[in-house]
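Each residue of the sequence shown is one higher than the one before, counting from 4 in the numbering used here.
Notes follow once the structure below has been shown.
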Amino acid sequence: MRIFRLTNGGWVGNFAIVSNRVYVLLSDPVTALKLYSEGRDVPLGPEVNVNIDELLARDYTYKGLRFTKPYDPPEVWGSGIVYEVARARYSEEDVAMIRGRTIYELVYDAERPEIFFKGTANRCVGHGEPIAIRSDSEWTLPEPELGVVIDSGGRILAYTISDDVSARDLEAQNPLYLPQSKIYNNSCAIGPFLVTPDEVGNPYDLTISMRIIRGSSVIFEGSISTSRMRRRVEEQIRYLIRDNAVPDGTLLSTGTAIIPPRPITLMHGDVVEISITGLGTQRTPVIKLGK
Ligand code: DO4
Ligand code: MG
């Protein structure tokens, strides 16, 4: 099953795709995912005639409708330095060293992963909605990541595309600025779909790819396989929920491995396009806050 939401700017509707047919979803997305994971009936309304590919391919709005985030995550968390590429690239910055090694090298090798709070639903946007550069950042990057939706017990209910947009200059100035780098308005994009584990198959055999488009040029593109994760998703979840009660529907963004080199930074007017095998393509325009 895949879940998505459409809006006309005011009304927001929940939909589910089951066996290639689109239905109105009569419960909220997290309840539906929980029912589905327990093998129980998901309350579906009438089948609807909506051309999803058309809607995704257009310039975001078609016949007055557009995609929006597929649900409202009560909490969003992130994992850091999960891939070797992230260890190496983050370590290029002039950051805190402990016993001669960068904090990123240390956390990559450590038993305990880096898990950080990333935000709440009001900071998240969906396909076609703008991700943001902080007004006080000159170096902001998208971080295309596999997102997992979990229940309060840590069970995986669904996968999605998540973009952990980060003000990298703040983090590079001082690692204690991490929350300000990570948590601000429009700093996280999710969707277009929530996809249940049975449709995704092996989460360690997915290709994540990203393009940054400026005007008519692609100024960056890259891709990576989730097989390169140093820490399994289950291990990340185990640490997230240890002595830390999370609500059903919590989203964990499982770390990036696609990091554009300096001097690339997002700029107002760019478009970020992220695809993950089986999860679709998320396209978001970029805005600079305070502009
Ligand atoms: O410690 C910095 C954050 C790392 C991160 O967000 C990632 O590896 O994806
Ligand atoms: Mg990240």
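Heads up, the beta-carbon is just placed ideally off N, CA and C, and yes, glycines get one too.
*asked:* For C127, which residues in the same chain have their Cβ closer than 6 Å to its Cβ, ignoring the five residues on either side in sequence?
replied: By one-based count along the sequence shown, residue 127 stands at place 124. Closer than 6 Å at the Cβ level, and outside the excluded window around C127, lie K72, C191, I193.
_Selection from I290, R286, V53 that minimises the alpha carbon distance to D62_ = The residue labelled residue 62 in the question sits at position 59 within the sequence shown. When only C-alpha atoms are compared, the closest one is R286.
*Own chain residues within Cβ distance below 6 Å of M4, not counting five before or after*: The residue you call residue 4 lines up with position 1 of the sequence shown. Only residues of its own chain outside the window of five on either side were considered, and among them A19, V21, Y39, T199 have a CB closer than 6 Å to the CB of M4, listed in chain order.
*Is it the case that the Cβ atoms of I222 and D167 are separated by a distance below 9 Å?*
The count along the sequence shown starts at 1 and reaches residue 222 at position 219. The count along the sequence shown starts at 1 and reaches residue 167 at position 164. Cβ distance not < 9 Å, so I222 and D167 don't count as in contact.
*Quickly, what does DSSP pair F196 with across the bridge? List them, please.*
Within the sequence shown, numbered from 1, the residue matching residue 196 stands at position 193. Looking at the DSSP assignment, F196 forms no beta bridge with any residue, so it has no partner.
*By DSSP, does A124 sit in helix, in strand, or in coil?*
For the purposes of this step, residue 124 is taken as the residue at position 121 of the sequence shown. DSSP places A124 in helix when its eight states are reduced to three.
*As assigned by DSSP and simplified to three states, the class of T34*: Along the sequence shown, one-based indexing puts residue 34 at 31. Taken through DSSP and simplified to helix, strand or coil, T34 comes out as helix.
*CB A91 to CB P178, shorter than 9 Å?*
Sequence index remark: in the sequence shown, residue 91 carries index 88 (1-based). Sequence index remark: in the sequence shown, residue 178 carries index 175 (1-based). No, these two residues do not count as a Cβ contact at 9 Å.
*If you run the structure through DSSP and keep just helix, strand and coil, what is R241?*
Residue mapping note: residue 241 aligns to position 238 of the sequence shown, counting from 1. Per DSSP, reduced to three states, the secondary structure at R241 is helical.
*Taking the C-alpha atoms as reference points, what is the distance between I55 and G281?*
The sequence position of residue 55 within the sequence shown is 52, counting from 1. The sequence position of residue 281 within the sequence shown is 278, counting from 1. Using only the alpha carbons, I get a separation of about 15 Å.
*Could you check the C-alpha separation between T268 and S140 for me, to the nearest Å?*
Your numbering for residue 268 matches position 265 in the sequence shown. Your numbering for residue 140 matches position 137 in the sequence shown. Computed Cα separation, rounded: 10 Å.
_Measuring alpha carbon to alpha carbon, tell me which residue in F196, D112, L47 is nearest R234._
Taking the first residue of the sequence shown as 1, we reach residue 234 at position 231. For the residues F196, D112, L47, the minimum Cα distance to R234 belongs to D112.
*With distances taken between CB atoms, is the gap from L173 to K37 smaller than 9 Å?*
Start at 1 with the first residue of the sequence shown, and residue 173 comes out as number 170. Start at 1 with the first residue of the sequence shown, and residue 37 comes out as number 34. Not a contact, by the Cβ cut-off of 9 Å.
*asked:* Alpha carbons only, please: which of F196, E50, G122, G42 is nearest the one belonging to R296?
replied: Because the chain in this structure spans residues 4 to 294, residue 296 falls outside the shown range and cannot be described.
*asked:* Among D251, K185, G131, V203, whose alpha-carbon lies nearest the alpha-carbon of G258?
replied: Residue numbering aside, residue 258 sits at position 255 when the sequence shown is read from its first letter. Selected option, being the one with the closest Cα: K185.
*Of the choices Y74, N52, A35, I215, whose alpha-carbon is the least far from that of F7?*
By 1-based counting over the sequence shown, the position of residue 7 is 4. Residue nearest to F7 within the set Y74, N52, A35, I215 is Y74 (criterion: CA-CA distance).
*Given 8 Å, three or more beta-carbon pairs between the stretch 148-164 and the stretch 225-243*: Segments in contact, yes.
*Can you check whether the CB of S165 is closer than 9 Å to the CB of L144?*
Within the sequence shown, residue 144 is the residue found at index 141, counting from 1. Within the sequence shown, residue 165 is the residue found at index 162, counting from 1. No.
*Could you give the distance in angstroms between the alpha-carbon of V79 and the alpha-carbon of V151?*
Translated into the one-based positions of the sequence shown, residue 79 becomes position 76. Translated into the one-based positions of the sequence shown, residue 151 becomes position 148. Roughly 10 Å between the two C-alpha positions.
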